[in-house]
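Colleague:
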Amino acid sequence: MPFNPETADATNGAKLFKTRCAQCHTVEKGGPNKVGPNLHGLFGRKSGTVAGFSYTAANQSKGVIWAEDTLFDYLENPKKYIPGTKMAFAGFKKEKERNDTIAYLKEATA
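Numbering (this note's numbering), first residue to last: 463 to 572.
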């Protein structure tokens, strides 16, 4: 199942991001890189390209362009989607959680 904007809840996605992602990522324009890169401008960006962040070769060479459907697949199991990534997050196994988080990211990173 790909990303479904009809059922996505950005408010719930914000809560999920805060509890599972914000310790490593920021979303605001000009926000700092932390353990993970700043996510502002995420949609339409190529993987491994945030200035000032030290990516693994796996992230740099993956060459994925981040969009709703690529994030939907990635967020299920980051280490499976990009073998060799240093992202420690195990993933959102529930489709609803991925949908909601992506809806939030679309708003927060634009």
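For each residue, glycine too, the CB sits at the ideal point set by N, CA and C. A quick note: this is a predicted structure, and the numbers were derived from the prediction, not measured.
#1: Would residue 555 and residue 569 qualify as a contact pair, given that the criterion is a beta-carbon distance under 9 Å?
#2: How would you call residue 527, buried or exposed, if buried means at least 16 neighbouring beta carbons within 10 angstroms?
#3: Evaluate residue 498 with the Cβ neighbour count: other Cβ atoms within 10 Å of its Cβ, from every protein chain shown; 16 or more gives buried, anything less gives exposed.
#4: Would you decide whether residue 492 is buried or exposed? Buried here means 16 or more other CB atoms lie within 10 Å of its CB.
#5: Kindly give me the distance between the Cβ atoms of residue 550 and residue 475, rounded to whole angstroms, as I take these residues to be in contact under 8 Å.
#6: Pull up the DSSP beta-bridge partners for residue 527, would you.
#7: In whole angstroms, what is the alpha-carbon distance linking residue 513 and residue 469?
#8: Can you tell me where the alpha helix (DSSP H) with residue 570 in it begins and where it stops?
#9: Relative to the C-alpha of residue 504, which residue among 496, 518, 548 and 488 is closest?
Modeller: This is what the structure holds:
#1: Here residue 555 corresponds to residue number 93 of the sequence shown, with the count starting at 1. Here residue 569 corresponds to residue number 107 of the sequence shown, with the count starting at 1. It is not a contact, given that the beta carbons lie outside the stated cut-off.
#2: Position 65 of the sequence shown, counted from the start, is the residue given in the question as residue 527. Exposure of residue 527 is indicated by the presence of fewer than 16 other C-beta atoms within 10 angstroms of its C-beta.
#3: Your numbering for residue 498 matches position 36 in the sequence shown. It counts as buried.
#4: The residue given as residue 492 occupies position 30 in the sequence shown. That one is exposed.
#5: Here the question's residue 550 lines up with position 88 in the sequence shown. Here the question's residue 475 lines up with position 13 in the sequence shown. Residue 550 to residue 475, Cβ: 20 Å. No contact.
#6: The residue given as residue 527 occupies position 65 in the sequence shown. In the DSSP assignment, the residues bridged to residue 527 are 508.
#7: Translated into the one-based positions of the sequence shown, residue 513 becomes position 51. Translated into the one-based positions of the sequence shown, residue 469 becomes position 7. Computed Cα separation, rounded: 34 Å.
#8: On the sequence shown, residue 570 is found 108 positions in, with the first residue counted as 1. For residue 570, the enclosing alpha helix (DSSP H) starts and ends at 557–570.
#9: Against the sequence shown, residue 504 aligns to sequence position 42. Comparing alpha carbon positions, the residue from 496, 518, 548 and 488 closest to residue 504 is 488.
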